[in-house]
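Okay, structure first, notes after.
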Amino acid sequence: GLIREANNGTLFLDDIDCLAPGSQVKLLRFLQEKEYRQLGSAKVCQADVRIIAATNADLEAAVEKGKLRQDLFYRLNVIPIRLPPLRERHEDIALLARHFLRKICAEMRHPICELTRDALHAMENYNWPGNVRQLYNVVEQSVALSTTSPVPLSLVQRALRSESGEIPSFVEARSEFERDYLTQVLQITNGNVTRAAQIAKRNR
Numbered sequence: 074g075l076i077r078e079a080n081n082g083t084l085f086l087d088d089i090d091c092l093a094p095g096s097q098v099k100l101l102r103f104l105q106e107k108e109y110r111q112l113g114s115a116k117v118c119q120a121d122v123r124i125i126a127a128t129n130a131d132l133e134a135a136v137e138k139g140k141l142r143q144d145l146f147y148r149l150n151v152i153p154i155r156l157p158p159l160r161e162r163h164e165d166i167a168l169l170a171r172h173f174l175r176k177i178c179a180e181m182r183h184p185i186c187e188l189t190r191d192a193l194h195a196m197e198n199y200n201w202p203g204n205v206r207q208l209y210n211v212v213e214q215s216v217a218l219s220t221t222s223p224v225p226l227s228l229v230q231r232a233l234r235s236e237s238g239e240i241p242s243f244v245e246a247r248s249e250f251e252r253d254y255l256t257q258v259l260q261i262t263n264g265n266v267t268r269a270a271q272i273a274k275r276n277r
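Just add 73 to the spot in the sequence shown (first one is 1) and you have my numbering.
Encoded structure:
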């Protein structure tokens, strides 16, 4: 059905390494003959389709392990295009983070539309094992928890720890709580430090 819909166009197949063995045979036959049969039909149809296949796996290793047919690999591997992971494109991180921030703020109807320089710097120096999806999640979590603009470094650090499953030390957690608490009190008092100190029962 998808091949029929993609006739004279492009069919994008994601996670090609996860294709079932039976489907691999059918796809290989189509790539070689440009012909296919719809499910339950004996009629042979033709289609002119450009196939783009994507994966984050090592396909040569998948061939060696028997997960992917070697003949299908060679049929698909005509023009390989490597997309480097986010950790190899540090210059793109701030650009993507700001783009995601605008998108998320618009969806949440959130007035925050900035990240502090320190927050962006922390993102640029992070390794991003989860790639762009992880960056999106970190920005989304930071916006959801933020009560101030711009989004502070502390929330980005919290989101990064949450994504990695890392538990902060007691001193770090206490320091983060105090900073967030005082920021919230200052926001309530519209920046009046004396009034904020009275509410927090701390010296000015």
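Quick reminder that beta carbons are idealized off the backbone N, C-alpha and C, glycines included.
Predicted, not measured: the structure shown is a model, and the values here were computed from it.
Would you call the CB atoms of residue i and residue j closer than 7 Å?
i: Ser222; j: Ile185; result: yes
i: Val224; j: Ala195; result: no
i: Ala126; j: Ile89; result: yes
i: Asn80; j: Ala120; result: yes
Should residue i be labelled buried (16 or more other beta-carbon atoms within 10 Å of its own) or exposed?
i: Gln143; result: exposed
i: Cys91; result: exposed
i: Ala192; result: buried
i: Arg231; result: buried
i: Cys118; result: exposed
i: Phe250; result: exposed
i: Ile261; result: exposed
i: Ser215; result: buried
Tell me which same chain residues have a C-beta within less than 6 Å of the C-beta of residue i, skipping the five on either side of it?
i: Asn200; result: Arg160
Within the same chain, show all residues whose beta-carbon is closer than 7 Å to that of residue i, passing over the 5 residues directly before and after it, in chain order.
i: Arg257; result: It is Gln, not Arg, that sits at residue 257 in the sequence shown. Thr220, listed in sequence order.
i: Gly209; result: The sequence given here places Tyr at residue 209; Gly does not occur at that position. These residues qualify, in order along the chain: Phe173.
In terms of residue numbering, what span does the alpha helix (DSSP H) encompassing residue i cover?
i: Gly95; result: Pro94 to Glu106
i: Thr189; result: Per DSSP, Thr189 belongs to no alpha helix (DSSP H) and is neither H nor E.
i: Leu159; result: Careful: Leu159 lies outside any alpha helix (DSSP H) and carries neither H nor E.
i: Asp267; result: In the sequence under discussion, the amino acid at residue 267 is Thr, which differs from the Asp named in the question. Thr267 -> alpha helix (DSSP H) spans Val266 to Ala273.
i: Gln111; result: Run containing Gln111: none; DSSP gives neither H nor E here.
Within the continuous beta strand (DSSP E) that includes residue i, where are the two ends?
i: Ile124; result: Val122 to Ala126
i: Leu86; result: Gly82 to Leu86
Please go through the same chain and pick out, in chain order, the residues whose beta-carbon is closer than 8 Å to the beta-carbon of residue i, but skip the five residues on each side of it.
i: Asn150; result: Leu132
i: Tyr254; result: Ala273
Please confirm if residue i has its CB atom under 7 Å from at least one CB of chain D.
i: Met181; result: Judged by its chain identifiers, the structure shown contains no chain D, having just a single protein chain.
Any contact of the region 103-122 with the region 154-171, i.e. 3+ C-beta pairs under 8 Å? no
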